[in-house]
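Below is one structure, written out as structure tokens; comments come after it.
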Amino acid sequence: SVGRLMRDRVSLQNSKMSAARYELLDDSGGPKAAFATDVGTLVLRVTVSLMVIHHGLQKLQNPEAFAANMVEKFFPFLPWPLLWTWLAIVVELA
4 SVGRLMRDRV
14 SLQNSKMSAA
24 RYELLDDSGG
34 PKAAFATDVG
44 TLVLRVTVSL
54 MVIHHGLQKL
64 QNPEAFAANM
74 VEKFFPFLPW
84 PLLWTWLAIV
94 VELA
């Protein structure tokens with residue numbers, strides 16, 4: 004009975020600590036936290052966009068070589084490798 008009481012008490016304390024942790028993660032950080040989140044998201048989006056554009060431009064320089072060396076080699080089940088290469092170029096640069 005004492006052991007069960009101690010387990011219940013520990014369980015209650017853990018649930019209170021867990022609830023306190025979630026309160027810390029609440030979105031009430033104010034305008035500075037919102038601004039920091041927006042800036043971080045912007046930096047991430049610009050970085051990923053630049054990477055996608057860079058890869059599209061690389062494919063555009065020599066689509067035949069990309070189709071032969073990448074699409075045919077790693078995706079042999081795809082028909083018309085050059086078509087898939089041009090589709091990738093359009094998606095990455097559009």
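Residue 97, in our numbering, is where the sequence shown stops; the numbers in between run on with no holes.
For each residue, glycine too, the CB sits at the ideal point set by N, CA and C.
#1: For Phe69, does the three-state DSSP call read helix, strand or coil?
#2: Which class does Ala37 belong to by DSSP, given the choice of helix, strand or coil?
#3: Give the single residue among Gly43, Gly33, Gly59, Leu53 whose Cα lies nearest to the Cα of Val94.
#4: Quick check on Leu90: buried or exposed, where buried means 16 or more other Cβ atoms within 10 Å of its Cβ?
In short, the structure shows the following:
#1: It is helical.
#2: Helix, per DSSP.
#3: The residue among Gly43, Gly33, Gly59, Leu53 with its C-alpha nearest the C-alpha of Val94 is Gly59.
#4: The residue is exposed, with fewer than 16 neighbouring Cβ atoms inside 10 Å.
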